[in-house]
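What follows is a short report on a single structure.
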Amino acid sequence: MNFLSQYIYYIGAFGLFFIGLYTMLTKKNLIKVIIGLDILDTGVFLFLIAIGYSSGGTAPIFSKSVTETGNMVDPVPQALVLTGIVIGVSVLALALALAIRLYEHYGTLNLRKIKEQRW
Amino acid sequence: MRKIIAIVLLAVIVMGISLAVREIPFGKTDTKVGEYYLNEGKEETGAANIVTSVVVNYRGFDTLGEIAVLFTAAIGLGAVFGSRKKKKDAEEVEKSSLIVYTGCRFLFPVILLVGAYIFIHGHLTPGGGFQGGAVVASAFLLMYLTCRGKRIRDKSNKVVESLGGLIFVGIGLVGLIIGKGFLFNFLPKGEFLTLFSGGIIPIIYIAIGFKVGAELTGVLDNIIEESK
Amino acid sequence: MNVIIATVLVLVMLVSAIAALVFKDLLNAVIALSVVSLIAAVIFYLLQAPDVAMAEAAIGAALVTAIFIIAIRRTKRFEE
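Chains as they are written, first to last, in the working numbering: chain L, 16 to 134; chain U, 2 to 229; chain R, -5 to 74.
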């Protein structure tokens, strides 16, 4: 139980990272590869937020009841992950648009068949 | 064959990472930059949400770069799909039923209002420009799914998106003209925990909210193609 | 108690990610991906980051799923 309470979030983050990387390396369909890219992104963001956590901490927002910085978590990784999520979705949209154009040009989305075609 | 190579490679990486992660303690942070932002952020910026003041005030230049990346992706998507003629005459689209149509007309302004509330109060409660912009884009997605046959106007969308970006860069340049630096916080701080506090932070987040909402709506509009 | 909730959530997230890898019907794989995004949003909230949880829920669970489904509709539905 002690081992779990220390490392459970790291296991989750790196599990997602490896599942995403395995999908990108071995699958043949182009849309499956793009799904693997999204899973990999989510794993990395989870790892970044898990690093900035401090036990017993609270969210870094002041309000009428929380008026001094007693024990707040680190705000810098949250700003980095906010930027990362937006950039991830824009890369995904552009990748899917290029996949649609590939399908209309070659007639298939199988990566082995596309690589074998000559000019 | 390819699967065996992939599994061996991943096993090697698993060994390496599990040896490295063992050194990182979970739950103890001793970073000096985070402590400085937490201790000094209340007096220097006047915003109640420390993550907002880090994103807009202390690291505002990174936010400008992120908006540039989003803009480039939207333009690239328009360029990939733009070389075909848009059919201006409406084809025969099957109309949705009365209940779905009425529900869409009731829900659409409510969702827009929730999104606008999220990005206007970005410096007081959790939220901000990017989250509010995504909620606004999902209101337009609801309109595309239920009231079929209606599209948004291209010109108004592009005008709103460009104005949002111009206001952001313009406010940064005003700080440069005064003589203190790009994106300097020159408006008065105001009273803590009210709406008009934080200097230029609410203005920048409103501009970002409009820009991200219009951009994601443009992406959806480019990728949908009406058919039977 | 907190550890038990976190363990259950991480297990469901990993099983759903493996399901997104294995399914042959691409529509099912996209729905498994949106389940991963939703559970990641809940875990972000448990790690005391409400801004990031709101961004991941709004962008990852609504807009990414919609863009994937539109792209699948314009190409093939089944993986070969």
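For each residue, glycine too, the CB sits at the ideal point set by N, CA and C.
> Per DSSP, what kind of secondary structure is residue 76 of chain L in: helix, strand or coil?
Replying inline: Here residue 76 of chain L is taken as the residue at index 61 of the first sequence, counted from 1. Strand.
> Roughly how many whole angstroms lie between the Cα atoms of residue 21 of chain L and residue 72 of chain L?
Replying inline: What you label residue 21 of chain L is simply residue 6 of the first sequence in a count that begins at 1. What you label residue 72 of chain L is simply residue 57 of the first sequence in a count that begins at 1. Approximately 16 Å between the Cα atoms of the pair.
> Alpha carbon to alpha carbon, what distance is there between residue 152 of chain U and residue 229 of chain U?
Replying inline: Stepping through the second sequence from its first residue, residue 229 of chain U is reached at position 228. Stepping through the second sequence from its first residue, residue 152 of chain U is reached at position 151. With a pLDDT of only 40 at residue 229 of chain U, under 50, the local geometry of the prediction cannot be trusted, and no value is derived from it.
>> Within 7 Å of any Cβ in chain L, is that where the Cβ of residue 6 of chain R sits?
In response: Position 12 of the third sequence, counting from 1, holds the residue named residue 6 of chain R. Interface criterion not met: the Cβ of residue 6 of chain R is under 7 Å from no Cβ in chain L.
> How would you list, in chain order, the residues of chain R whose beta-carbon sits under 7 Å from the beta-carbon of residue 131 of chain U?
Replying inline: Counted from its first residue, the second sequence places residue 131 of chain U at position 130. For residue 131 of chain U, the residues of chain R that pass the 7 Å Cβ criterion are 49, in the order they occur in the chain.
>> Can you confirm whether the stretch 45 to 56 of chain L touches the stretch 81 to 91 of chain L when touching is taken to mean that 3 or more C-beta pairs between the two stretches lie within less than 8 Å?
In response: They do not touch, by the three-pair rule.
> Roughly how many whole angstroms lie between the Cα atoms of residue 134 of chain U and residue 213 of chain U?
Replying inline: By 1-based counting over the second sequence, the position of residue 134 of chain U is 133. By 1-based counting over the second sequence, the position of residue 213 of chain U is 212. So the two alpha carbons sit approximately 5 Å from each other.
> Could one say the Cβ of residue 91 of chain L lies closer than 7 Å to chain R's Cβ atoms, at least one of them?
Replying inline: The count along the first sequence starts at 1 and reaches residue 91 of chain L at position 76. No, residue 91 of chain L does not count as interfacial toward chain R.
> Comparing the C-beta of residue 15 of chain U with each C-beta of chain R, is any distance below 7 Å?
Replying inline: Working through the second sequence from its first residue, we reach residue 15 of chain U at position 14. The beta-carbon of residue 15 of chain U is placed no less than 7 Å from the nearest beta-carbon of chain R.
> Buried or exposed: which applies to residue 142 of chain U, given that a residue is buried once 16 or more other Cβ atoms fall within 10 Å of its Cβ?
Replying inline: Position 141 of the second sequence holds residue 142 of chain U. Flag for residue 142 of chain U reads buried.
> Going by other Cβ atoms of all chains shown within 10 Å of its Cβ, with 16 needed for buried, is residue 98 of chain U buried or exposed?
Replying inline: Along the second sequence, one-based indexing puts residue 98 of chain U at 97. Answer is exposed; the Cβ neighbour count stays below 16.
>> Runs of 4 residues minimum, wholly inside the stretch 145 to 183 of chain U: which ones carry the alpha helix (DSSP H) assignment?
In response: Taken in chain order, the complete alpha helix (DSSP H) segments of 4 or more residues contained in the stretch 145 to 183 of chain U are 155 to 179.
> Name the chain L residues whose beta carbon is nearer than 8 Å to that of residue 7 of chain U?
Replying inline: Position 6 of the second sequence, counting from 1, holds the residue named residue 7 of chain U. Chain-order list of chain L residues neighbouring residue 7 of chain U: 37, 40 and 41, by C-beta distance under 8 Å.
> With contact counted as at least three CB pairs below 8 Å, one residue from each stretch, are the stretch 122 to 140 of chain U and the stretch 166 to 179 of chain U in contact?
Replying inline: Counting Cβ pairs under 8 Å, fewer than three are found: no touch.
> By DSSP, does residue 87 of chain L sit in helix, in strand, or in coil?
Replying inline: Against the first sequence, residue 87 of chain L aligns to sequence position 72. Of the three classes helix, strand and coil, the one that applies to residue 87 of chain L here is strand, per DSSP.
> Relative to the alpha-carbon of residue 84 of chain R, which residue among R/3, R/38 and R/13 has its alpha-carbon at the smallest distance?
Replying inline: The structure shown has nothing for residue 84 of chain R, since chain R only spans -5 to 74.
> For residue 127 of chain L and chain U, any beta-carbon pair shorter than 7 Å?
Replying inline: Numbered from its first residue, the first sequence carries residue 127 of chain L at position 112. No, residue 127 of chain L does not count as interfacial toward chain U.
>> Would residue 69 of chain U pass as an interface residue toward chain L - the criterion being a Cβ-Cβ separation below 7 Å?
In response: Taking the second sequence and counting its residues from 1, one reaches residue 69 of chain U at position 68. Judged by the 7 Å Cβ criterion, residue 69 of chain U is not in contact with chain L.
> Among U/32, U/108 and U/201, which residue has its Cα nearest to the Cα of residue 146 of chain U?
Replying inline: Here the question's residue 146 of chain U lines up with position 145 in the second sequence. For the residues U/32, U/108 and U/201, the minimum Cα distance to residue 146 of chain U belongs to U/108.
>> I need the DSSP call for residue 147 of chain L, collapsed to helix, strand or coil.
In response: What the structure shows of chain L is the stretch from 16 to 134, and residue 147 of chain L is not part of that stretch, so it cannot be assessed.
> Of the residues U/62, U/121 and U/43, which one's Cα is nearest the Cα of residue 206 of chain U?
Replying inline: Residue 206 of chain U sits at position 205 when you count from the first residue of the second sequence. Nearest of U/62, U/121 and U/43 to residue 206 of chain U, Cα basis: U/121.
> Of all the CB atoms in chain R, is at least one closer than 7 Å to the CB of residue 117 of chain U?
Replying inline: For the purposes of this step, residue 117 of chain U is identified with residue 116 of the second sequence, where counting begins at 1. By this cut-off, residue 117 of chain U is not an interface position.
>> Whether or not the stretch 28 to 46 of chain L and the stretch 33 to 45 of chain U are in contact is what I'm after, with contact meaning three or more pairs of Cβ atoms, one per stretch, closer than 8 Å; do they touch?
In response: The stretch 33 to 45 of chain U makes no contact with the stretch 28 to 46 of chain L, as fewer than three CB pairs between them are under 8 Å.
> Going by C-alpha distance, which of L/122, L/46 and L/66 is nearest residue 96 of chain L?
Replying inline: In the first sequence, counting from the first residue as 1, residue 96 of chain L sits at position 81. That would be L/66, whose Cα lies nearest to the Cα of residue 96 of chain L.
> What are the residues of the stretch 64 to 77 of chain L that lie near chain R, defined by any Cβ-Cβ distance shorter than 7 Å?
Replying inline: Here the close residues are 64, 65, 68, 72, 73 and 74.
> Taking C-alpha atoms, which residue in R/49, R/63 and R/34 lies nearest to residue 11 of chain R?
Replying inline: On the third sequence, position 17 is the one that residue 11 of chain R refers to. Closest option to residue 11 of chain R, Cα to Cα, is R/34.
> By DSSP, does residue 20 of chain L sit in helix, in strand, or in coil?
Replying inline: Counting from 1 along the first sequence, the entry for residue 20 of chain L is found at position 5. Of the three classes helix, strand and coil, the one that applies to residue 20 of chain L here is helix, per DSSP.
> Just how far apart, CA to CA, sit residue 37 of chain U and residue 49 of chain U?
Replying inline: Residue mapping note: residue 37 of chain U aligns to position 36 of the second sequence, counting from 1. Residue mapping note: residue 49 of chain U aligns to position 48 of the second sequence, counting from 1. Computed Cα separation, rounded: 15 Å.
> Taking just the CA atoms, how far does residue 120 of chain L sit from residue 226 of chain U?
Replying inline: By one-based count along the second sequence, residue 226 of chain U stands at place 225. By one-based count along the first sequence, residue 120 of chain L stands at place 105. Taken atom to atom, the span from the alpha-carbon of residue 226 of chain U to that of residue 120 of chain L is near 17 Å.
> On the three-state DSSP scale, how would you describe residue 60 of chain L?
Replying inline: On the first sequence, position 45 is the one that residue 60 of chain L refers to. When secondary structure is reduced to three states using DSSP, residue 60 of chain L falls in the helix class.
> Quick one: does residue 127 of chain U have its CB under 7 Å from some CB of chain R?
Replying inline: Indexing the second sequence from 1 puts residue 127 of chain U at position 126. Taking 7 Å as the CB threshold, residue 127 of chain U lines the interface with chain R.
>> For residue 156 of chain U, which residues in the same chain have their Cβ closer than 8 Å to its Cβ, ignoring the five residues on either side in sequence?
In response: Your numbering for residue 156 of chain U matches position 155 in the second sequence. Contacts found: none.
>> Are the CB atoms of residue 7 of chain R and residue 30 of chain R within a distance shorter than 7 Å?
In response: The residue labelled residue 30 of chain R in the question sits at position 36 within the third sequence. The residue labelled residue 7 of chain R in the question sits at position 13 within the third sequence. A contact, by the Cβ cut-off of 7 Å.
> If you follow the alpha helix (DSSP H) that residue 223 of chain U is part of, which residue opens it and which one closes it?
Replying inline: Indexing the second sequence from 1 puts residue 223 of chain U at position 222. For residue 223 of chain U, the uninterrupted alpha helix (DSSP H) segment begins and ends at 202 to 224.
> Cβ of residue 229 of chain U less than 7 Å from any chain R Cβ?
Replying inline: The sequence position of residue 229 of chain U within the second sequence is 228, counting from 1. With a pLDDT of 40 at residue 229 of chain U, under the threshold of 50, the predicted position of this residue should be treated as unreliable, and no value is reported.
>> 7 Å is my cut-off, CB to CB: does residue 102 of chain L come that close to chain U?
In response: Position 87 of the first sequence, counted from the first residue, corresponds to residue 102 of chain L. With 7 Å as the cut-off, residue 102 of chain L counts as an interface residue toward chain U.
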